[in-house]
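One structure is given here, and the rest of the page talks about it.
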Amino acid sequence: MGHQPTWLEAHSRMHDESIMSELTYPYSEHPMPGTTVEVAPGVRWLTMPMGGSLNHINLYLLEDERGWWVVDTGLSIPQTAELWHEIFNSELAGKPVVAVICTHMHPDHIGQSKMITDHFRCPLYMTRTEYYQAKAFSTMSMSQRANWLGQEFYERAGMPRDYLEQLRKLWERRSAEGMSMPEVPAGFRRLEDGDVLTIGGHDWRIVVGSGHSPEHACLYCAALKIMISGDQILPVITSNVSVHPTEPEANPLKVWMESHDRFLDTPADTLVLPAHNLPFYGVRERLRELISHHEDRMLAIEEHCVEPALAKDLLPVLFKRKLEPPQMMMALGEAIAHLHLLMHRNRIKRTLEEDGCYRFLSIDPDLERRSHPADHDAPNDAPVMV
Ligand SMILES: [Zn+2]
């Protein structure tokens with residue numbers, strides 16, 4: 016493991032760059048599993064393992080007078096629990112964990128929340144929607160997932176009749192890999208947008224975003240110029256924004272874009288501590304990049320839909336690789352999210368045809384002027400499962 020810059024080194028390097036044209040990364044590598052790195056006074060960074068191409072999630076510790084606040088917890092797999100016990104023993108300076116915050120309800124964030132809060136008898140802090148969604152999904156059986164709603168959802172998107180059966184096998188495999196919803200603590204303390212938590216003498220403001228998950232909490236500290244962004248703002252990968260069979264008419268990309276607009280207020284010199292990839296400067300650049308990425312994807316979809324198209328037909332427009340069933344599910348959810356925002360903007364019309372499938376057709380008379388088919392971003396490699 017190479018030299019990790021101290022907090023001061025990292026920040027003075029930042030200060031030198033008066034005009035920031037791209038993202039900068041003060042750390043070149045992740046902390047070793049079972050260890051932590053101080054990224055600011057009282058703020059420590061650690062990672063926990065994840066399967067797949069991502070291989071890690073970043074978690075953070077905030078030091079308070081009486082103990083530590085944990086922000087996000089890792090997957091519900093034995094390896095993560097073991098690593099946590101190493102952290103408890105060697106990295107907490109003999110103090111207990113006094114609270115756990117989960118930014119949102121996904122399994123890599125909430126997986127060990129019950130273990131940690133039971134171990135220390137400390138509270139879990141979450142937004143209300145995330146907590147109850149986690150609780151609902153953690154008790155959802157396979158048969159509840161693979162029901163007629165799911166079947167209809169995928170058939171209308173143009174998928175084969177046995178696709179749900181393929182998915183059922185996928186869920187069983189994912190649950191063996193710790194990607195299913197774990198049991199969550201029996202109660203929680205509610206976080207709301209604008210709440211301020213005082214931790215170790217610093218005020219941390221809760222900033223809520225939506226789209227990747229319904230009520231995702233970020234933590235912003237003006238004094239330290241730090242934002243813990245969860246999956247709301249990631250520097251390299253694009254967070255999954257999907258429509259799912261549980262809410263087939265949802266419009267998550269609309270609130271995702273609105274959230275990006277709101278987060279553009281974040282001061283430009285903020286160090287962003289994301290849940291995946293490395294900490295970075297350049298929050299506004301990244302948000303602008305993400306906004307234009309989704310606008311570009313939507314325009315590419317409109318250009319494709321000058322002839323009526325199935326949702327399934329749009330996968331090659333958005334992703335370049337041949338997709339396996341799990342990726343296919345995420346990819347389809349993303350394609351439908353883009354279509355729903357286009358419908359909301361009156362740029363795409365949806366018709367349910369005799370064959371039980373939706374066809375999508377571009378209807379904006381201004382499309383010809385706006386379109387630039389030769390000029391699009393390359394399709395993404397494959398959707399990211401976070
Ligand atoms: Zn997530």
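Per the numbering used here, numbering of the sequence shown is gapless, rising by one per residue and ending at 401.
Beta carbons are placed, not taken as given, at the ideal position from N, Cα and C, and that holds for glycine.
Can you name the residues that DSSP bridges to residue i?
i: K150; result: Per DSSP, none; premise fails for K150.
i: P64; result: H71
i: C236; result: I241
i: K184; result: Paired residue(s): none; K184 is not in a bridge.
i: T366; result: R374
i: H45; result: Paired residue(s): none; H45 is not in a bridge.
i: L212; result: W219
i: V58; result: A55 and L77
i: G224; result: H231
What's the call for residue i, buried or exposed, on a 16-neighbour Cβ count within 10 Å?
i: K327; result: buried
i: M344; result: buried
i: D31; result: Confidence at D31 is low in this model, with a pLDDT of 41, below 50, so its placement is unreliable and the value that follows should be read with caution. Under this definition D31 is an exposed residue.
i: Q342; result: buried
i: A346; result: buried
i: A149; result: buried
i: D388; result: Here residue 388 is Pro; the residue named in the question, Asp, does not match the sequence. With fewer than 16 other Cβ atoms within 10 Å, it is exposed.
i: R362; result: buried
i: R385; result: exposed
i: P398; result: buried
i: R86; result: Reading off the sequence, residue 86 comes out as Val, not Arg. It counts as buried.
i: N70; result: exposed
i: P380; result: exposed
i: A393; result: exposed
i: T154; result: exposed
i: W219; result: buried
i: G371; result: exposed
i: M174; result: buried
i: V321; result: exposed
i: R28; result: Because the pLDDT of R28 is 43, which lies under 50, any placement of that residue in the model is unreliable, and the question is left without a value.
i: H227; result: buried
Quick check: the Cα distance between residue i and residue j, rounded to an integer number of angstroms?
i: E339; j: P263; result: 22 Å
i: S244; j: E78; result: 18 Å
i: R312; j: S257; result: 14 Å
i: W60; j: L293; result: 10 Å
i: L239; j: E383; result: 48 Å
i: V84; j: M272; result: Reading the sequence as shown, one finds Trp at residue 84 and not Val. If I take the Cα positions, the gap works out to 30 Å.
i: K337; j: D123; result: 26 Å
i: L98; j: E368; result: 53 Å
i: I131; j: V112; result: 8 Å
i: Y235; j: E37; result: 21 Å
i: E304; j: L288; result: 18 Å
i: I214; j: E80; result: 8 Å
i: S274; j: S225; result: 6 Å
i: I306; j: I248; result: 12 Å
i: K184; j: D177; result: 11 Å
i: L333; j: G216; result: 46 Å
i: A201; j: F375; result: 44 Å
i: G82; j: T62; result: 20 Å
i: Y140; j: S43; result: 31 Å
i: V223; j: I351; result: 24 Å
i: N104; j: L354; result: 49 Å
i: V251; j: P138; result: 32 Å
i: L286; j: A108; result: 25 Å
i: P260; j: E106; result: 42 Å
i: P93; j: R360; result: 46 Å
i: L76; j: Y146; result: 21 Å
i: D390; j: Q127; result: 45 Å
i: L90; j: M65; result: 7 Å
i: P48; j: G67; result: 17 Å
i: E170; j: A114; result: 44 Å
i: T51; j: L164; result: 44 Å
- Query: Which runs of the alpha helix (DSSP H), 4 residues or longer, sit entirely within the segment 272-357?
  - Reply: 298-319 and 330-333
- Item | Every unbroken alpha helix (DSSP H) inside the segment 68-146 [4 residues or more] | 93-105, 122-125 and 128-135
- Query: Quick one, what's near ligand 1 if you take every residue whose CB is closer than 5 Å to any heavy atom, in chain order?
  - Reply: H121, D246 and V401
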